[in-house]
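Participant: The following block contains the structure, expressed as structure tokens.
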Amino acid sequence: MANGTEREAGGTDVDVVVVGAGFAGMYLLHRLRQLGMSTRVLEAGDDVGGTWYWNRYPGARCDIETLDYSYSFDPELEREWQWSEKFAPQPEILRYAQHVADKYHLRRDITFGTRVEGARWDDQASRWHVRTRPVSGGAGEEIVARHVVMATGCLSVPKEIDVPGADRFRGEVYLTGRWPHEPVDFTGKRVAVIGTGSSAIQSIPVIAEDAAQVTVFQRTPNFSIPANNGPVPERKRALIEADRAAYRESARWSGSGVPYERSMVSALSVPDEERLATYEMAWERGGISEFLGTYSDHLTNPAANELLADFVRGKIRSIVHDPEVAEALCPTTYPIGTKRLCVDTNYYATYNLPHVRLVDLRKHPITTVTERGVDLVDESLEFDVIVFATGFDAMTGAVVGVDITGRDGLTLREAWQHGPMTYLGLMVESFPNLFLVTGPGSPSVLSNMIVSIEQHVDWIVDCFVHLRDEGSETIEPTHTAVEAWVKHTNEFADLTLMPRANSWYMGANVPGKPRVFLPYPGGVDGYRRACNEVVERGYLGFVRRGPAGERCNDGIIRRLAPDVGVMLHMMSELGLPALETLSPPEVRAFTEAMAAQRPPGPDVGEIVDGRYPGAAGELDYRLYRPASPGPHPVIVYFHGGGWVFGSATSDDPLCRDLCVRTGAIVMSMDYRHAPEAPFPAAADDAVAALRWVADHAGELGGTDGEAVAVAGWSAGGNLAAVAAQVARDAGGPAVSAQLLLTPVTDGAVTHASHEENADGYVLTAALMRWFWDHYAPPEQRSDPLASPLRAERLDGLPPAVVVTCEFDPLRDEGDAYAAALERAGVTVHHLRVPGHVHSSLTAVDALPTGAPFRAEMADALRSFMGAAVTA
Ligand code: NA7
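Taken in order, the sequence shown gives residues 1 to 871; the numbers are from our numbering.
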């Protein structure tokens, strides 16, 4: 790889152009130097620091503890720099950036005062042509580079001021994101501050110290928690210094890039007093992630969120003396945490000062800014100074602000016209060798930026090394990979309350910007795992090209539904035993203990436990009755558990869900278990259960004489299918419909899904073999009472809802049964659930992405039962 800067014919000026000399650009330059890659860094400011260079407004400081918000790549740097405060102020963070630039002699490869205007990809030469322009005017240069890295920051382009008449004002005007280098003196002045985001919340108390009058124009109130700033807490310093490497590593594998114990407890599950005490402690301690993370469900469950929001509103009311002002400062229109939580020093208390006034723009909108001040619909106000704290064109503004043209003349602006499309927030299809640091689609602003910056830079640099080593010249993501990543990011966001706010996370603060959730909400840890896996799997989702030809490794890195992925990861972290290594009694004890911890499922009208005569003695049942007046249709349900474990109550949440969604009575019928009662005991009990329920339907609350439905999950699906076949052959009882949820249908043949999904998706192929070994010896498995797919005939069976999940070893068995039923003329609603595993639809309330599929299966079942009724 070229190490010089002279341009050869068709050669390259530099290996890499880096746009921006903030924390990302600086670390990238340092790493590229170590690799011997020639690099030009172009920076519009006159020095390093990026966001900390521009945002010099009074009170500007980090909202993440600065011990965490600092580089970790060099232990020497860590040891020699001491932060003075828990949340360091902007000048100190800028000094830190300058210290880093000095220490590693970075400035000699940085061209300051220079803006990158455009970049054009030359596909023939596989090079970028980068156009620059000095900020002070004059001619720019064209730099030819193999790679371009946009280290342009997430909050670097201020939003255009969209307050009417803003340019008319004749007094002093300041923009928080472009604050002058000279001190601004507010002494004795009448100051207007427009906006109440983090920048305003930090600056208002400081401005109010000197100004004669401060008038704050608020459109939407923000939630803010106290910084409780002071010297760096000794306990934290000691903790880090005890084992710096371990602390940094835990930050890298944390959810937000700041290590803290994540709660697994729902805010709704603890008594009020305990919860309030926890909130109070977190309020005193500070820390955005820690505050929001006091309970597990603040960002996913509206009721839990409301508890925390209400706590903060209570605090606002207790701090602000004037009740009307307090009310105006209380956010009520979006869930807490769905806009960036602010961290303040004396913000709310500032409104108790006699010279500070809040104008609620919802009640008193601005008609225009005038030469002398601001006109509201009902009042004219005069000012000496206006401070616009109106925010940024976040995450995409700086990237599309450069005129970037990729392959075939496609511009990035066109490519992103409906919202940014990236793979991992790192690269864009049709823009080879263009990299983004903390781009949209990466955790970025939802994380400690420095941790995310280091991870991205390291990934990019490793990628450069990989390309060099394998002789590839270009890399770009495939269409499939980009589409799937964007979908995955959106699915993740939809699991949270985030999309409910008009936030800059959603691009909603900039008029005309597409409304798309921009950062990746799956956590720094989950994201890092995905990035690492992409590499381990041979740069999955990327095409590399070079003299040796093309290497296309098309594919999707995250195919599981996001909540299923998180659940599987959590289970793998718990190091649970493989069930097949336990004895059946141990498996029963273990699964019961696990079941006790799951969410309970919805409320039903009534639950009645009872006993019924099984084929060889009495067995338990549990009846779930809808809240609506009866009579109701009746579903006879058989639980899962591989014929070895489970009970009439073991699928309780699913039965409740089925009852509520279908409006039917669900009779969950126990049956005898193997190995104590091997095949065909369970099948015999299932048939007995169906007969008994059909005979007693009227007494149980069903309509006398009306056909009942059968349903079951997994081994229970097997029993439901068997019971339907036996009833057909015996001429009764009449069965209206069958719901077979990821059923076992064929124990005699190995299907492809057994291999494909053998391991890692809860039900393993080994466990399935263990179940069969306990239930039926191989020679009995072809019996249709064990393998309903092997029945001589499948015609004449009731309509069936067959549900199969993509990542289930049993998927192909279920698919085969659905297909065979259809061939036999049976009406089938075949629901193929993408991204889910064998057990995930039973995890009611734990896996929200399963809900639409449970709704669909219940609707289909209800319509089949209804059809049977009218017939
Ligand atoms: P923010 O958080 O986007 O805040 C901007 C504020 O300006 C917000 O209160 C806006 O109200 C308000 N705003 C924007 N345009 C207008 C107009 N036209 N009229 C009235 N009010 C307006 O930006 P910040 O700079 O404070 O903070 C950005 C991030 O930097 C922060 O989250 C930290 O991560 C650091 P709106 O909510 O849109 O009604």
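Yeah, the Cβ is synthetic: ideal placement off N, Cα and C, and Gly gets one too.
Predicted, not measured: the structure shown is a model, and the values here were computed from it.
If you follow the alpha helix (DSSP H) that Y348 is in, where does it begin and where does it stop?
Facilitator: Within the sequence shown, numbered from 1, the residue matching residue 348 stands at position 348. Unbroken alpha helix (DSSP H) run through Y348: Y347 to T350.
Participant: How far does the alpha helix (DSSP H) with N896 in it extend, from its first residue to its last?
Facilitator: Any answer about residue 896 is impossible in this case: the structure gives the chain only from 1 up to 871.
Participant: Measure the alpha-carbon distance for T5 versus D458 and round it to whole angstroms.
Facilitator: Position 5 of the sequence shown, counted from the start, is the residue given in the question as residue 5. Position 458 of the sequence shown, counted from the start, is the residue given in the question as residue 458. The pLDDT assigned to T5 is 39, lower than 50, so where the model puts this residue is not dependable, and the model offers no usable value.
Participant: What are the start and end residues of the beta strand (DSSP E) that includes D375?
Facilitator: For the purposes of this step, residue 375 is taken as residue 375 along the sequence shown, with counting starting at 1. Unbroken beta strand (DSSP E) run through D375: G373 to L376.
Participant: Helix or strand or just coil, what does DSSP make of I110?
Facilitator: Here residue 110 is taken as the residue at index 110 of the sequence shown, counted from 1. I110 falls in the strand class under three-state DSSP.
Participant: Taking only the alpha-carbon atoms, compute the straight-line gap between G512 and L719 and give it to the nearest angstrom.
Facilitator: One-based indexing of the sequence shown puts residue 512 at position 512. One-based indexing of the sequence shown puts residue 719 at position 719. Those two C-alpha atoms are separated by around 56 Å.
Participant: Relative to the ligand NA7, is the shortest distance from any of its heavy atoms to the C-beta of L155 smaller than 7 Å?
Facilitator: The residue given as residue 155 occupies position 155 in the sequence shown. Yes, since a heavy atom of the ligand NA7 falls inside the 7 Å radius drawn around the Cβ of L155.
Participant: In this structure, how does DSSP classify C805 when only helix, strand and coil are distinguished?
Facilitator: Here the question's residue 805 lines up with position 805 in the sequence shown. Three-state DSSP puts C805 in a strand.
Participant: Ignoring anything shorter than 3 residues or poking outside the stretch 566-654, list the beta strand (DSSP E) runs there in chain order.
Facilitator: List check, beta strand (DSSP E) in window: 606-614, 617-625 and 634-638.
Participant: Can T196 be considered in contact with the ligand NA7, in the sense that its beta carbon sits closer than 7 Å to one or more heavy atoms?
Facilitator: Translated into the one-based positions of the sequence shown, residue 196 becomes position 196. Because some heavy atom of the ligand NA7 lies under 7 Å away, the Cβ of T196 counts as near it: yes.
Participant: Any heavy atom of the ligand NA7 closer than 7 Å to the Cβ of T220?
Facilitator: Walking along the sequence shown from the start, residue 220 turns up at place 220. Checking every heavy atom of the ligand NA7 against the Cβ of T220, one is found closer than 7 Å.
Participant: Excluding sequence positions up to five away, which residues of its chain have a Cβ less than 7 Å from the Cβ of M1?
Facilitator: Residue mapping note: residue 1 aligns to position 1 of the sequence shown, counting from 1. Below a pLDDT of 50, predicted positions are generally treated as unreliable, and M1, at 38, falls in that range; no measurement from the model is reported.
Participant: Using the C-alpha atoms, what's the distance from A721 back to S787?
Facilitator: In the sequence shown, counting from the first residue as 1, residue 787 sits at position 787. In the sequence shown, counting from the first residue as 1, residue 721 sits at position 721. Near 9 Å, if we compare the C-alpha coordinates of A721 and S787.
Participant: Within the stretch 659-711, note down every full beta strand (DSSP E) run reaching 3 residues or more, in order along the chain.
Facilitator: The stretch 659-711 contains these whole beta strand (DSSP E) runs: 665-669.
Participant: Please work out which residues of its chain come closer than 8 Å, Cβ to Cβ, to L329, disregarding the five sequence neighbours upstream and downstream, and give them in chain order.
Facilitator: As a position in the sequence shown, residue 329 is number 329, starting the count at 1. Hits under 8 Å: Q218, P221, I316, V320, Y348, Y351 and L358.
Participant: Residues in its own chain within less than 6 Å of F169 by CB, not counting five upstream and five downstream?
Facilitator: Along the sequence shown, read from residue 1 onward, the residue named residue 169 stands at position 169. So the list reads V369 and I386, once near-sequence residues are dropped.
Participant: Taking DSSP as the reference, what is the three-state secondary structure of W283?
Facilitator: If you number the sequence shown from 1, residue 283 lands on position 283. The answer is helix: DSSP assigns W283 an H, G or I state.
Participant: Helix, strand or coil: which one does DSSP assign to I161?
Facilitator: Residue 161 sits at position 161 when you count from the first residue of the sequence shown. Coil, per DSSP.
Participant: Can you give the Cα-Cα distance for H754 and D272, rounded to whole angstroms?
Facilitator: Taking the sequence shown and counting its residues from 1, the one referred to as residue 754 is at position 754. Taking the sequence shown and counting its residues from 1, the one referred to as residue 272 is at position 272. Spanning the two alpha carbons is a distance of roughly 48 Å.
Participant: Do N509 and the ligand NA7 come close, with the Cβ less than 7 Å from some heavy atom?
Facilitator: Taking the sequence shown and counting its residues from 1, one reaches residue 509 at position 509. Yes, the ligand NA7 has a heavy atom inside 7 Å of this Cβ.
Participant: With a threshold of 7 Å on Cβ separation, who are the neighbours of P134 within its own chain once the five nearest residues in sequence on each side are excluded?
Facilitator: As a first step, residue 134 must be located in the sequence shown, where it is residue number 134. Excluding residues within five positions, the ones whose Cβ falls inside 7 Å are G113, T114 and G140.
Participant: Please work out which residues of its chain come closer than 8 Å, Cβ to Cβ, to G601, disregarding the five sequence neighbours upstream and downstream, and give them in chain order.
Facilitator: As a working mapping, residue 601 is identified with position 601 in the sequence shown. Excluding residues within five positions, the ones whose Cβ falls inside 8 Å are D652, P653, L654, C655, R656, D657, V844 and D845.
Participant: On the criterion of 16 or more Cβ atoms from any shown chain inside 10 Å, does A578 qualify as buried, or is it exposed?
Facilitator: Counting from 1 along the sequence shown, the entry for residue 578 is found at position 578. The residue is exposed, with fewer than 16 neighbouring Cβ atoms inside 10 Å.
Participant: Where does V18 land, buried or exposed, given buried means 16+ other C-beta within 10 angstroms?
Facilitator: Indexing the sequence shown from 1 puts residue 18 at position 18. Answer is buried; the Cβ neighbour count reaches 16.
Participant: Quick one: is the Cβ of W52 within less than 7 Å of any heavy atom of the ligand NA7?
Facilitator: Against the sequence shown, residue 52 aligns to sequence position 52. Because no heavy atom of the ligand NA7 lies under 7 Å away, the Cβ of W52 does not count as near it: no.
Participant: Using DSSP with H/G/I as helix, E/B as strand and the rest coil, what is V356?
Facilitator: Locating residue 356 in the sequence shown gives position 356, where the first residue counts as 1. The answer is strand: DSSP assigns V356 an E or B state.
Participant: Work out the CA separation of G814 and A851 for me, nearest whole Å.
Facilitator: On the sequence shown, position 851 is the one that residue 851 refers to. On the sequence shown, position 814 is the one that residue 814 refers to. Roughly 20 Å separates the two Cα atoms.
Participant: Starting from H479, trace the alpha helix (DSSP H) both ways and give me its first and last residue.
Facilitator: Here residue 479 refers to the residue found at position 479 of the sequence shown. Run containing H479: H479 to D494, per the alpha helix (DSSP H) assignment.
Participant: Just to confirm my understanding: we take W878, look at its own chain, exclude 5 residues before and 5 after, and list those with CB closer than 6 Å. What are they?
Facilitator: Because the chain here runs from 1 to 871, residue 878 falls outside it and cannot be looked at.
Participant: Rounding to the nearest angstrom, what Cα-Cα distance links G397 and M865 in this structure?
Facilitator: Taking the first residue of the sequence shown as 1, we reach residue 397 at position 397. Taking the first residue of the sequence shown as 1, we reach residue 865 at position 865. Whole-angstrom Cα-Cα distance: 55 Å.
Participant: Any contact of the stretch 669-680 with the stretch 694-706, i.e. 3+ C-beta pairs under 8 Å?
Facilitator: The stretch 669-680, when compared against the stretch 694-706, does not touch it at the 8 Å Cβ threshold.
Participant: Could you work out which residue in G617, L789 and G712 is closest to V803 when comparing CA atoms only?
Facilitator: By one-based count along the sequence shown, residue 803 stands at place 803. The residue with the shortest Cα to Cα distance from V803 is G712.
Participant: V869 to V726, Cα distance in whole Å?
Facilitator: As a first step, residue 869 must be located in the sequence shown, where it is residue number 869. As a first step, residue 726 must be located in the sequence shown, where it is residue number 726. Model confidence at V869 stands at a pLDDT of 43, short of 50, so the residue's coordinates are unreliable and nothing is read from them.
Participant: At the level of alpha carbons, what is the spacing between G732 and P585?
Facilitator: The residue given as residue 732 occupies position 732 in the sequence shown. The residue given as residue 585 occupies position 585 in the sequence shown. Roughly 36 Å separates the two Cα atoms.
Participant: Taking a contact to mean a Cβ-Cβ separation below 8 Å, would you say A229 touches T66 in this structure?
Facilitator: Position 229 of the sequence shown, counted from the start, is the residue given in the question as residue 229. Position 66 of the sequence shown, counted from the start, is the residue given in the question as residue 66. The residue you asked about is not Ala; residue 229 is Asn in the sequence shown. Taking 8 Å as the Cβ cut-off, N229 and T66 do not qualify as a contacting pair.
Participant: Step through the CB atoms of chain D and report whether any lies within less than 8 Å of the CB of G406.
Facilitator: Of the protein chains in the structure, only one exists, and it is not chain D.
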